[in-house]
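First up is the structure itself, then whatever we jot down about it.
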């Protein structure tokens, strides 16, 4: 089952980068959509991810993780089929958004499966991230190459490749027997209130809003500096490759020091980098900072922080909150920094990202502060 979970994570990343990353460009270039409508190809599925992930996380205990994984894979299969039969921007956006409601079941299920048994969960999460990184790199490199070669038939080629991997995996996982999350009696009395999980995830949400908002508008910022927009893909590929190399070490750090400590430190580094980019907007500094493999620290940090804050049978709910927060942060961050660009210009974008990450850091220092031991 663990190998199937890791393969599923790679397929998820492949879909997200190849379809969501190139979806707006496909709508604008091939289906004639305007810039605002094309942006909805990523924005509305992000909202659907937010809404659906919370629900899937809540029902993970009742349905079982294997069933939830199969639902998520079928959702991605339906996502591909829906896109292949659409011929207008509106149909594309509606089809992607509806099927995202089902594909969003995959991330909470795989994350809960890898964290439910405790122990070296940070290293298991790191292994998942390596598989995801492979999917991201494949989606980015193949997507850019095939899109440049084939134009309109890009969707058919990419989805045929992705679904060739999805179908066998669904057959492997088709057994409806549940992989249940172990529930111990003493856990029942200390289940956290949903607001407590939201509080743990809040620093990540604020920082992710700044990061994703800056990333989705990074091409505009590079244009301001006179850097070719191809550097967006190159720097992302460099960052992803470096992240793949250091992922297991990050997992070891997370298991040794805890997810909250890892998350707090990476927020500090992010804040410093955005300030440096704002004060010294020189191409080598901007591209170098953007290429640093900080995302694995953010990703593994919040997953480990959530897992260590709740009992095992609540991991599905916690991971659903993280996946939902990622979707909502992508929508809010991209919209906010896009409006900042429209109102004050691209040079304010890194300052906005720095502000969001800094607020997240302050919240982390408050929320993750260890309570003082009572005096004897």
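Numbering (this note's numbering), first residue to last: 724 to 1099. Ideal placement from N, C-alpha and C gives every residue a C-beta, glycine not left out.
- Here DSSP, grouped into helix, strand and coil, assigns residue 969 to helix.
- In the three-state reduction of the DSSP assignment, residue 820 falls in the helix class, which pools H, G and I.
- When 782, 809, 1003 and 1018 are compared, the shortest CA-CA separation from residue 970 is found for 1018.
- Here DSSP, grouped into helix, strand and coil, assigns residue 1033 to coil.
- The alpha-carbon separation between residue 811 and residue 837 amounts to approximately 39 Å.
- A distance below 7 Å between beta-carbons, with the five flanking residues on each side excluded, links residue 1052 to the following residues of its chain, in chain order: 928, 931, 932 and 935.
- A residue is called buried when at least 16 other Cβ atoms come within 10 angstroms of its Cβ; residue 833 meets this threshold and is buried.
- In the three-state DSSP reduction, residue 811 falls in the coil class, being neither helix nor strand.
- By the criterion of a C-beta distance shorter than 6 Å, residue 761 is surrounded in its chain by 747, 750 and 751, once the five residues flanking it on both sides are discounted.
- Going by DSSP, residue 1064 is part of the alpha helix (DSSP H) stretching over 1038-1067.
- For residue 943, the enclosing alpha helix (DSSP H) begins and ends at 941-948.
- An exposed status is given to residue 726, since fewer than 16 other beta-carbon atoms sit within 10 Å of its beta-carbon.
- Nearest to residue 1041 by C-alpha distance, out of 805, 732 and 920, is 920.
- For residue 787, the three-state secondary structure derived from DSSP is coil.
- A contact is defined here as three or more CB-CB pairs under 8 Å, and the segment 848-860 meets this definition with respect to the segment 960-967.
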